[in-house]
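Asks:
Protein chains: 2
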Amino acid sequence: MDVAREPLLTDRNPLPDALDPRIAAQLRFVVEVDRLKTVLRQSPLAAASRRENDAEHSWHLALMVILLAEHADEPIDVGHTVKLVVVHDLVEIHAGDTPLYDDVGARTQEAREQAAADRLFGLLPGDQARELRALWDEFEARETPESRFAKGMDRLEPLLLNWMAGGGTWRTPGVTADAVRARKAHIGAASAALGEAALVLIDEGERRGWVRSAERTGDGRPAAPPA
Amino acid sequence: MDVAREPLLTDRNPLPDALDPRIAAQLRFVVEVDRLKTVLRQSPLAAASRRENDAEHSWHLALMVILLAEHADEPIDVGHTVKLVVVHDLVEIHAGDTPLYDDVGARTQEAREQAAADRLFGLLPGDQARELRALWDEFEARETPESRFAKGMDRLEPLLLNWMAGGGTWRTPGVTADAVRARKAHIGAASAALGEAALVLIDEGERRGWVRSAERTGDGRPAAPPA
Numbered sequence: 011m012d013v014a015r016e017p018l019l020t021d022r023n024p025l026p027d028a029l030d031p032r033i034a035a036q037l038r039f040v041v042e043v044d045r046l047k048t049v050l051r052q053s054p055l056a057a058a059s060r061r062e063n064d065a066e067h068s069w070h071l072a073l074m075v076i077l078l079a080e081h082a083d084e085p086i087d088v089g090h091t092v093k094l095v096v097v098h099d100l101v102e103i104h105a106g107d108t109p110l111y112d113d114v115g116a117r118t119q120e121a122r123e124q125a126a127a128d129r130l131f132g133l134l135p136g137d138q139a140r141e142l143r144a145l146w147d148e149f150e151a152r153e154t155p156e157s158r159f160a161k162g163m164d165r166l167e168p169l170l171l172n173w174m175a176g177g178g179t180w181r182t183p184g185v186t187a188d189a190v191r192a193r194k195a196h197i198g199a200a201s202a203a204l205g206e207a208a209l210v211l212i213d214e215g216e217r218r219g220w221v222r223s224a225e226r227t228g229d230g231r232p233a234a235p236p237a
Numbered sequence: 011m012d013v014a015r016e017p018l019l020t021d022r023n024p025l026p027d028a029l030d031p032r033i034a035a036q037l038r039f040v041v042e043v044d045r046l047k048t049v050l051r052q053s054p055l056a057a058a059s060r061r062e063n064d065a066e067h068s069w070h071l072a073l074m075v076i077l078l079a080e081h082a083d084e085p086i087d088v089g090h091t092v093k094l095v096v097v098h099d100l101v102e103i104h105a106g107d108t109p110l111y112d113d114v115g116a117r118t119q120e121a122r123e124q125a126a127a128d129r130l131f132g133l134l135p136g137d138q139a140r141e142l143r144a145l146w147d148e149f150e151a152r153e154t155p156e157s158r159f160a161k162g163m164d165r166l167e168p169l170l171l172n173w174m175a176g177g178g179t180w181r182t183p184g185v186t187a188d189a190v191r192a193r194k195a196h197i198g199a200a201s202a203a204l205g206e207a208a209l210v211l212i213d214e215g216e217r218r219g220w221v222r223s224a225e226r227t228g229d230g231r232p233a234a235p236p237a
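If you're matching them up, the sequences are chains Y and C in order.
Numbering-wise (this note's numbering), the first sequence opens with residue 11 and increments by one.
Numbering-wise (this note's numbering), the second sequence opens with residue 11 and increments by one.
(1) Compute the Euclidean distance between the alpha carbons of MET74/Y and VAL96/Y, then round it to the nearest angstrom.
(2) Buried or exposed, going by whether 16 or more other CB atoms sit within 10 Å of the CB of GLN138/C?
(3) Which partner residues does THR186/Y have in the DSSP bridge list?
(4) What first and last residue would you give for the beta strand (DSSP E) that runs through ARG51/Y?
(5) Return the CA-CA distance between GLY162/Y and ASP83/Y, expressed in angstroms with no decimal places.
(6) Just to confirm, is the Cβ distance from SER53/C to THR179/C under 8 Å?
(7) Quick one: which chain C residues come within Cβ less than 8 Å of PRO92/Y?
(8) Which residues bound the beta strand (DSSP E) around GLU62/Y?
(9) Under 8 Å between the Cβ atoms of HIS98/C and ASP164/C?
(10) Taking only beta-carbon atoms, is ALA234/C less than 8 Å away from chain Y?
(11) Alpha carbon to alpha carbon, how far is VAL8/Y from THR108/Y?
(12) Take LEU134/Y and list the residues in its own chain whose beta-carbon comes closer than 8 Å to its own, dropping the five residues that flank it on each side.
(13) When Cβ atoms are compared, which residues of the segment 45-76 of chain Y fall closer than 8 Å to chain C?
(14) Cβ of PRO17/C less than 8 Å from any chain Y Cβ?
(15) Answer yes or no: do GLY215/C and GLY184/C have a C-beta to C-beta separation smaller than 8 Å?
(16) Check ARG152/C in the structure and name its three-state DSSP category.
(17) Need the endpoints of the alpha helix (DSSP H) that ARG129/Y sits in, please.
(18) Taking HIS104/Y as the reference, which of SER223/Y, VAL221/Y, ARG15/Y has the closest Cα?
(19) What's the C-alpha gap between LEU110/C and ALA189/C?
(20) Grouping DSSP H, G and I as helix and E and B as strand, with all else coil, what is GLU16/C?
(21) Looking at the structure shown, is ASN23/Y part of a helix, part of a strand, or coil, going by DSSP?
(22) Go ahead and pull the three-state DSSP assignment for SER201/Y.
(23) Under three-state DSSP, which class holds VAL88/C?
(24) Do you know whose CA, among PHE149/C, PRO168/C, LEU209/C, ARG60/C, lies nearest ARG191/C's CA?
(25) Going by alpha carbons, who is nearest to ILE86/Y out of ARG140/Y, GLU150/Y, SER157/Y?
(26) Between the C-alpha atoms of ILE242/C and ALA160/C, what's the straight-line distance to the nearest angstrom?
(27) Does the separation of the CB atoms of ILE33/Y and ALA79/C fall below 8 Å?
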C-alpha cells in the first residue's frame with residue numbers, strides 16, 4: 011500500500027478554514043498521530059490482559075527516562091531524551107511495529123519506516139518536519155548519549171513486562187535466553203547498572219524456565235548463539 | 011477503599027532479591043504505573059472506536075508540547091513542560107479520572123488525589139518521591155509558565171478528539187457551548203493563538219449543533235452561565 015495516498019483522519023472531518031494555516035497544519039498532525047494508540051506491540055501489559063500499544067509504550071519510556079536517568083553512564087540531557095522517546099515510534103503509524111524477535115520483518119523495516127517518515131513528518135510545517143525527523147534520526151543512529159539511553163529504555167520496558175507475564179514474548183518459538191541477552195545489550199550500553207539489573211531478571215527467568223536455555227539442534231547439541 | 015493497602019503489581023511476581031535496592035524500588039514503581047494504561051477517560055479516540063486511557067493521553071500531551079510550544083505567550087522550558095505532562099495524571103492510578111463536566115466528582119477530587127499521591131510516590135526512593143510530587147504540585151498549582159502551558163494542552167487535546175467525534179463529550183446532558191468555552195479558558199491563558207483556535211472549533215461545533223447553545227430553564231429562558 012502506498013502510504014502517501016492514505017487519507018488523513020482530518021479528511022473525515024476537516025478543521026475549519028478560519029484557523030491560522032500554520033496552526034491548522036500542526037493540529038492536523040496532532041490528530042493524525044492519534045493512530046499511534048492503535049499500533050499494537052507484542053508486549054503484554056502488567057496491569058491488564060491485553061497487548062500494549064505504541065502510545066502507551068512511548069509514555070512509559072518517557073517516565074522511565076525521568077526516573078532512571080541517574081544511572082546513565084554518560085551525562086544526558088533528560089528533557090532532550092524524553093523528546094526522543096516521545097517521537098521514536100511515530101513512524102510505526104504507517105510502517106507498523108516490527109516485533110523484537112521478527113528477523114524477517116526486520117529486513118524490510120528500514121525502507122518501510124523511511125517511507126512512513128516522509129509521509130507523516132511531511133504533514134508539518136517544514137521547520138518542524140525537519141525537527142521531528144532529526145529527533146527520529148538521532149534515536150535510530152544511537153550516536154549521542156541521549157539516544158543510547160533512550161534505546162536502553164526501549165529495551166528495558168518490554169523486559170519488565172515480560173518478567174511480569176512470566177515470560178511473555180520470551181516464550182516465542184526459537185527464542186533462547188542468550189538471544190534475549192543479545193537484544194538487551196542496548197541497556198548495558200547506556201547504563202552498566204541497569205544492564206546488570208536486566209541480566210539479573212533474564213538469569214532468574216531462565217532458572218524458572220520462562221525462556222529456553224538453548225535451541226537444540228537435531229543431534230541434541232545446542233545451536234549456534236544468535237549474531 | 012484504603013489505597014495504602016492495595017497490593018502492588020509486583021507483589022504478584024516479586025522482583026529478584028539480587029537487584030540493587032534503589033534500582034529495585036525504581037523498577038517496582040515503573041511496573042506499578044503500568045496501571046495508568048487502564049484508567050479510562052471520557053474522550054473518544056479519533057483513530058478507533060473506544061475511549062482514551064490516561065497513558066495515551068499523557069503521551070499525546072507530550073507530543074503537543076513539543077510541537078506547539080512556539081505558541082506559548084511566556085517563554086517555557088520545553089523539556090520541563092514535557093516532564094510535567096508525563097507525570098500529571100499518575101495519581102489517577104488510585105484516584106481515577108474525574109470527567110471534565112463532572113461537578114460532583116470534582117468536589118472530592120483533591121482529597122482522593124492527595125491520598126493517591128502519598129501512596130504512589132511513596133514507592134520511590136525519598137529524593138525521587140519528592141521530585142515527582144513537586145512536578146505534580148507544580149502542574150496543579152499553575153503558577154509557572156510551564157505548568158500553565160501543560161494545562162492548556164490538557165484542555166486542547168480532548169477538544170480536538172471531541173471535534174473529530176462530532177461532539178463527543180460536548181453532548182453530555184447539561185453541557186452548553188458556553189460551559190465548554192469556560193473549561194477551555196486554560197488554553198487561552200497559556201497561548202492567545204491557541205485559545206483563538208479553540209474558540210474557532212467550539213464556535214463551529216456550536217453552529218453544527220454538536221453542542222447546545224444554551225441550557226433552557228422551564229420558562230424557556232437560558233439558564234445562568236457556569237461559574
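C-beta atoms are modelled at their ideal positions from N, C-alpha and C, and glycine is treated no differently.
Replies: Looking at the coordinates:
(1) On the first sequence, residue 74/Y is found 64 positions in, with the first residue counted as 1. On the first sequence, residue 96/Y is found 86 positions in, with the first residue counted as 1. When rounded, the distance between both Cα atoms is 12 Å.
(2) Numbered from its first residue, the second sequence carries residue 138/C at position 128. In the assembly as shown, GLN138/C is a buried residue. Its beta-carbon has 16 or more other beta-carbons within 10 Å.
(3) Taking the first residue of the first sequence as position 1, residue 186/Y is located at position 176. Answer by DSSP bridge pairing, in chain order: ARG222/Y.
(4) Translated into the one-based positions of the first sequence, residue 51/Y becomes position 41. Where ARG51/Y is concerned, the enclosing beta strand (DSSP E) starts and stops at 50-54.
(5) Stepping through the first sequence from its first residue, residue 162/Y is reached at position 152. Stepping through the first sequence from its first residue, residue 83/Y is reached at position 73. Distance between the alpha carbons of GLY162/Y and ASP83/Y: 12 Å.
(6) For the purposes of this step, residue 53/C is taken as residue 43 along the second sequence, with counting starting at 1. For the purposes of this step, residue 179/C is taken as residue 169 along the second sequence, with counting starting at 1. In this structure, SER53/C lies near THR179/C, with their beta-carbon atoms less than 8 Å apart.
(7) Position 82 of the first sequence, counted from the start, is the residue given in the question as residue 92/Y. Correcting the residue type first, residue 92/Y is Val in the shown sequence and not Pro. Correct list: ALA72, GLY89, VAL92, LYS93, VAL96.
(8) Taking the first sequence and counting its residues from 1, one reaches residue 62/Y at position 52. Per DSSP, the continuous beta strand (DSSP E) segment holding GLU62/Y begins and ends at 61-63.
(9) Taking the first residue of the second sequence as 1, we reach residue 98/C at position 88. Taking the first residue of the second sequence as 1, we reach residue 164/C at position 154. Going by C-beta atoms, HIS98/C is nearer than 8 Å to ASP164/C.
(10) By 1-based counting over the second sequence, the position of residue 234/C is 224. Interpretation of ALA234/C is limited by its pLDDT of 49, a score under 50 that renders its predicted location unreliable; the figure taken from the coordinates is listed afterwards. Not a single CB atom of chain Y sits nearer than 8 Å to the CB of ALA234/C.
(11) This structure cannot settle anything about residue 8/Y, because the visible part of chain Y is limited to 11 through 237.
(12) Against the first sequence, residue 134/Y aligns to sequence position 124. Correct list, in chain order: ALA35, GLN36, PHE39, LEU142.
(13) Of all residues in the segment 45-76 of chain Y, ARG45, LEU46, LYS47, THR48, LEU55, ALA56, ALA57, ALA58, GLU62, ASN63, ALA65, GLU66, SER68, TRP69, HIS70, ALA72, LEU73, MET74, ILE76 have a Cβ within less than 8 Å of some Cβ in chain C.
(14) Translated into the one-based positions of the second sequence, residue 17/C becomes position 7. By the rule that beta-carbons nearer than 8 Å mark a contact, PRO17/C does not touch chain Y.
(15) The residue given as residue 215/C occupies position 205 in the second sequence. The residue given as residue 184/C occupies position 174 in the second sequence. Going by C-beta atoms, GLY215/C is not nearer than 8 Å to GLY184/C.
(16) As a working note, residue 152/C is residue 142 in the second sequence. In the structure shown, ARG152/C sits in coil (DSSP, three-state: anything other than H, G, I, E or B).
(17) Indexing the first sequence from 1 puts residue 129/Y at position 119. Element bounds for ARG129/Y: 113-131.
(18) Along the first sequence, read from residue 1 onward, the residue named residue 104/Y stands at position 94. HIS104/Y has its Cα closest to that of ARG15/Y, out of SER223/Y, VAL221/Y, ARG15/Y.
(19) Stepping through the second sequence from its first residue, residue 110/C is reached at position 100. Stepping through the second sequence from its first residue, residue 189/C is reached at position 179. If you take the alpha carbons of LEU110/C and ALA189/C, they lie about 10 Å apart.
(20) The count along the second sequence starts at 1 and reaches residue 16/C at position 6. If DSSP states are grouped into helix, strand and coil, GLU16/C belongs with coil.
(21) The count along the first sequence starts at 1 and reaches residue 23/Y at position 13. Of the three classes helix, strand and coil, the one that applies to ASN23/Y here is coil, per DSSP.
(22) As a first step, residue 201/Y must be located in the first sequence, where it is residue number 191. Here SER201/Y sits in coil by DSSP.
(23) Your numbering for residue 88/C matches position 78 in the second sequence. Here VAL88/C sits in helix by DSSP.
(24) What you label residue 191/C is simply residue 181 of the second sequence in a count that begins at 1. Considering only alpha carbons, the answer is LEU209/C.
(25) Along the first sequence, one-based indexing puts residue 86/Y at 76. Checking every option, the nearest Cα to that of ILE86/Y belongs to SER157/Y.
(26) For residue 242/C there is no data in the structure shown, the boundaries of chain C being 11 and 237.
(27) Mapped onto the first sequence, residue 33/Y falls at position 23. Mapped onto the second sequence, residue 79/C falls at position 69. When the beta-carbon positions are compared, ILE33/Y and ALA79/C stay at least 8 Å from each other.
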